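Just so you know, the protein sequences line up as chains P and E, in that order. Read left to right, the first sequence gives residues 2 to 322 (the working numbering). Read left to right, the second sequence gives residues 2 to 322 (the working numbering). Every residue gets a Cβ at the ideal spot worked out from N, C-alpha and C, and that includes glycine. Model, not experiment: these values are computed from the prediction. Below is one structure, written out as structure tokens; comments come after it.
Protein chains: 2
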Amino acid sequence: MNVTVVGASGETGRSIIDGLLGSSTDFKVTAIVRPASINKPAVQKIKSRGVSIIALELVNTHEELVKVLTGQDVVVVALEPFDLEPHFALASAAKEAGVKRYIPSAFGSSCPPAGVMMLRELKERVINHIKKIYLPYTVIDVGMWYQIAIPRLPSGKIDYALTYSSDQVAEDGERASSVTDLRDIGKYVARIITDERTLNQYVFAYNEVWTQNQIWDHLEKISGEKIPRTSVSSEEIKATIVDRQTKYNEGAKSYQDLLGFVVPQYFYSEWHREDNLPERAKYLGYLTTKDLYPDFEYIKFETFFDELIKGSGVPVYAKNN
Amino acid sequence: MNVTVVGASGETGRSIIDGLLGSSTDFKVTAIVRPASINKPAVQKIKSRGVSIIALELVNTHEELVKVLTGQDVVVVALEPFDLEPHFALASAAKEAGVKRYIPSAFGSSCPPAGVMMLRELKERVINHIKKIYLPYTVIDVGMWYQIAIPRLPSGKIDYALTYSSDQVAEDGERASSVTDLRDIGKYVARIITDERTLNQYVFAYNEVWTQNQIWDHLEKISGEKIPRTSVSSEEIKATIVDRQTKYNEGAKSYQDLLGFVVPQYFYSEWHREDNLPERAKYLGYLTTKDLYPDFEYIKFETFFDELIKGSGVPVYAKNN
Numbered sequence: 002m003n004v005t006v007v008g009a010s011g012e013t014g015r016s017i018i019d020g021l022l023g024s025s026t027d028f029k030v031t032a033i034v035r036p037a038s039i040n041k042p043a044v045q046k047i048k049s050r051g052v053s054i055i056a057l058e059l060v061n062t063h064e065e066l067v068k069v070l071t072g073q074d075v076v077v078v079a080l081e082p083f084d085l086e087p088h089f090a091l092a093s094a095a096k097e098a099g100v101k102r103y104i105p106s107a108f109g110s111s112c113p114p115a116g117v118m119m120l121r122e123l124k125e126r127v128i129n130h131i132k133k134i135y136l137p138y139t140v141i142d143v144g145m146w147y148q149i150a151i152p153r154l155p156s157g158k159i160d161y162a163l164t165y166s167s168d169q170v171a172e173d174g175e176r177a178s179s180v181t182d183l184r185d186i187g188k189y190v191a192r193i194i195t196d197e198r199t200l201n202q203y204v205f206a207y208n209e210v211w212t213q214n215q216i217w218d219h220l221e222k223i224s225g226e227k228i229p230r231t232s233v234s235s236e237e238i239k240a241t242i243v244d245r246q247t248k249y250n251e252g253a254k255s256y257q258d259l260l261g262f263v264v265p266q267y268f269y270s271e272w273h274r275e276d277n278l279p280e281r282a283k284y285l286g287y288l289t290t291k292d293l294y295p296d297f298e299y300i301k302f303e304t305f306f307d308e309l310i311k312g313s314g315v316p317v318y319a320k321n322n
Numbered sequence: 002m003n004v005t006v007v008g009a010s011g012e013t014g015r016s017i018i019d020g021l022l023g024s025s026t027d028f029k030v031t032a033i034v035r036p037a038s039i040n041k042p043a044v045q046k047i048k049s050r051g052v053s054i055i056a057l058e059l060v061n062t063h064e065e066l067v068k069v070l071t072g073q074d075v076v077v078v079a080l081e082p083f084d085l086e087p088h089f090a091l092a093s094a095a096k097e098a099g100v101k102r103y104i105p106s107a108f109g110s111s112c113p114p115a116g117v118m119m120l121r122e123l124k125e126r127v128i129n130h131i132k133k134i135y136l137p138y139t140v141i142d143v144g145m146w147y148q149i150a151i152p153r154l155p156s157g158k159i160d161y162a163l164t165y166s167s168d169q170v171a172e173d174g175e176r177a178s179s180v181t182d183l184r185d186i187g188k189y190v191a192r193i194i195t196d197e198r199t200l201n202q203y204v205f206a207y208n209e210v211w212t213q214n215q216i217w218d219h220l221e222k223i224s225g226e227k228i229p230r231t232s233v234s235s236e237e238i239k240a241t242i243v244d245r246q247t248k249y250n251e252g253a254k255s256y257q258d259l260l261g262f263v264v265p266q267y268f269y270s271e272w273h274r275e276d277n278l279p280e281r282a283k284y285l286g287y288l289t290t291k292d293l294y295p296d297f298e299y300i301k302f303e304t305f306f307d308e309l310i311k312g313s314g315v316p317v318y319a320k321n322n
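Shown next as structure tokens:
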């Protein structure tokens, strides 16, 4: 099975490459990378693992893109959705190339398509384009990564592994969300893209469901430390989102400004609204990996906690990754 | 089962009332109508058939609306989607009232959610609102009505029944679309809203699939007349849509101006793009009534043709209905 991955050197992309190369299915994996990135260590690393590398810009390269995607069974896109042009270009080329299944860049939490998260709305525009051209697809969302769902310890003991920590609780901390180890995402993808039941469907891949209080309790228990539980009300988080989005709309357009309201939107959706629960995902039309693959062996959240405490945690979005 | 219908005096609404009252299920039916419409013959007619009538505006009446919808199992909306405010107001009130299933105003052809038909995009905004508030729902689309899929005969013999005729063929007339008798829609609705399998799903209800040439051939055969087959190319219909939409955007805002591009968009989607086929609907996520209710007894398209020729056809959108 020929699989092309776009965005292979990002966090999700690397998990997908690992999942495909580690699978019992014989995937022939190609990665499309920017010509400017061809000599980057991350690209050379996947090349050395047997991934074919194609250097190609995605926009205004329609004919080359169609040629590259011709013969590919599956295309997996793991690019940021802030600039939609590459997404539209890829989907249109995949359609023309006869790609049998297209995995657009979702890989987020379960969330209603409009009115909650700007990022989800951008993804919806890509999904709608796919549907307009009848490109066979599977949307894969993955819940919240273990790697960013954890508060810092007062001792600073696990700071080494926390690029982003989650130090506040929504309301009383009793709200729940689905969590997934970033390292499992690729394994889910390898399973999902070889499964006919998931064609033209949405799949919610997740490992476990935890409340914030359960996360705090468990981390307190295994660390022996007391972790503050600073509460954020729905009103506070909504006000933060409105404030930062207003500033962004008024001209504060840096990537940090963008994250300034995107990150609180995630927090609001995942914890306050509890959008990211399996039953909510099912309401929204997702199949779940629990129903599809009851035998799937995933990394338990408790295992991840133990790694953190032992010092073997790995930070995400680290410069040297 | 308590069912409230909004828009009960429109074409789709009347079919729904007929379907509910004629069903073997014991539906207790209520219709919400505008206070200004309370004395209209159409309203008095359904009242005389045992439908409870409630006169209430839909916008800025949230508390009354919640009170009226409390205890209702199902709310069916068959209103035009040009003004979205009543749709948002109804859905929000239904959520607060604990309505078990909400049927938003779809009742159109199968069509991708964006980029093809403005009407479909408006409906999507309502569906997205429903999903944002996790209101239990079923979207029901119904293909193209028999009643508007037929060309006029040169003799004028069937003009009496054709409020809108369909006198042109897309390209060579070989393209196909799903067709449904307007009178069957309510019967489908009665079946779908009592079916747990259709909760939080999209259902495509249709009777048969015909090409335009098959429609022309059959009508020629039973009438003995030769019917012109004026072809419209994709380029022509797209140019018409762009032209009329531009005029609308520039200020020609009458209802006729609106229909001026909405009607060609339907034609383009249903015949040129063939969006309205069962396999396309399935791709878009619909369950179909053929799969759900293989025993469903519908009015055959040939029966409808025979009625037209015999003089027992009934025009739609007629003033005296």
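Query                                                                                                                                                                    : Result
Kindly list, in the order they appear in chain E, the residues whose Cβ is closer than 7 Å to that of P/Lys133.                                                          : Pro113, Ala115, Gly116, Val117
Looking only at C-alpha atoms, which of P/Val243, P/Leu66, P/Ser224 sits nearest to P/Ser156?                                                                            : P/Ser224
Report buried or exposed for E/Ile131, applying the criterion of at least 16 other Cβ atoms within 10 angstroms of its Cβ.                                               : buried
Do you know how far the Cα of E/Ser93 is from the Cα of E/Leu288?                                                                                                        : 26 Å
Which of helix, strand or coil does DSSP assign to E/Ile242?                                                                                                             : helix
Alpha carbon to alpha carbon, what distance is there between E/Glu86 and P/Ile134?                                                                                       : 30 Å
Interface residues of chain P around E/Gly354 at Cβ under 7 Å?                                                                                                           : Any question about residue 354 of chain E goes unanswered here, given that chain E covers just 2 to 322.
Between P/Asn322 and chain E, is the shortest Cβ-Cβ distance under 8 Å, so that the two count as touching?                                                               : With a pLDDT of 45 at P/Asn322, under the threshold of 50, the predicted position of this residue should be treated as unreliable, though the coordinate-derived value follows. By this cut-off, P/Asn322 is not an interface position.
Helix, strand or coil for P/Tyr165? Go by DSSP, reduced to three states.                                                                                                 : coil
Decide yes or no for the touch test of the stretch 102-110 of chain P against the stretch 134-146 of chain P: beta carbon pairs closer than 8 Å, at least 3 of them.     : yes
Tell me the start and end of each unbroken alpha helix (DSSP H) in the stretch 182-234 of chain E that is at least 4 residues and wholly inside, in chain order.         : 183-193, 213-224
With 16 other CB atoms within 10 Å as the buried threshold, where does P/Thr290 fall?                                                                                    : buried
Find the residues of chain P that neighbour E/Asn201, judging by a C-beta separation of less than 7 Å, and give them in chain order.                                     : Tyr284
Which one of E/Ala79, E/Pro279, E/Leu66 has the shortest CA to CA distance from E/Val100?                                                                                : E/Leu66
Using a Cβ-Cβ distance cut-off of 8 Å, determine whether P/Arg281 contacts chain E.                                                                                      : yes
Measure the alpha-carbon distance for E/Leu154 versus P/Arg198 and round it to whole angstroms.                                                                          : 47 Å
In three-state terms, what does DSSP make of P/Ser106?                                                                                                                   : coil
Is P/Ala319 buried or exposed, if buried means 16 or more other CB atoms sit within 10 Å of its CB?                                                                      : exposed
If you follow the beta strand (DSSP E) that P/Ala32 is part of, which residue opens it and which one closes it?                                                          : 29-34
Indicate whether at least one CB of chain P lies closer than 8 Å to the CB of E/Asn129.                                                                                  : yes
Determine which residues share a DSSP beta bridge with P/Asn61 and list them.                                                                                            : Answer is none; P/Asn61 lacks a bridge partner.
Here's the rule: buried if 16 or more other CB atoms are within 10 angstroms of the residue's CB, otherwise exposed. What is P/Gln148?                                   : buried
Taking only runs of the alpha helix (DSSP H) that begin and end inside the stretch 133-179 of chain P, which ones reach a length of at least 4 residues, in chain order? : none
Counting only the same chain and skipping the five closest in sequence on each side, list residues whose C-beta sits under 6 Å from that of P/Val30.                     : Val4, Leu21, Val52
In this structure, does DSSP put P/Tyr267 in helix, strand or coil?                                                                                                      : helix
On the CB-based measure, 16 or more other CB atoms within 10 Å of its CB, does P/Arg274 come out buried or exposed?                                                      : buried
Taking 6 Å as the limit between beta carbons, can you name the residues of its chain near E/Asn322, skipping five residues before and five after?                        : Caution applies to E/Asn322, whose pLDDT of 45 falls short of 50 and renders its modelled position unreliable; the model cannot decide the point.
How close, in whole Å, do the beta carbons of P/Asn129 and E/Ala115 come, if the pair is a contact with beta carbons under 8 Å?                                          : 4 Å
On the premise that P/Ala90 lies in contact with P/Val123, defined as a C-beta separation below 8 Å, what is that separation, rounded to the nearest angstrom?           : Going by the sequence as given, residue 123 of chain P is Leu instead of Val. Contact doesn't hold; Cβ gap of about 15 Å is too wide.
Using the DSSP secondary-structure output, state which residues sit across from E/Ser53 in a beta bridge.                                                                : E/Thr31
Does DSSP classify P/Tyr127 as helix, strand or coil?                                                                                                                    : Position check: residue 127 of chain P holds Val in this sequence, whereas Tyr was assumed. It is helical.
What is the DSSP secondary structure of E/Val315, counted as helix, strand or coil?                                                                                      : coil
Which two residues bound the contiguous beta strand (DSSP E) that contains E/Tyr287?                                                                                     : 287-289
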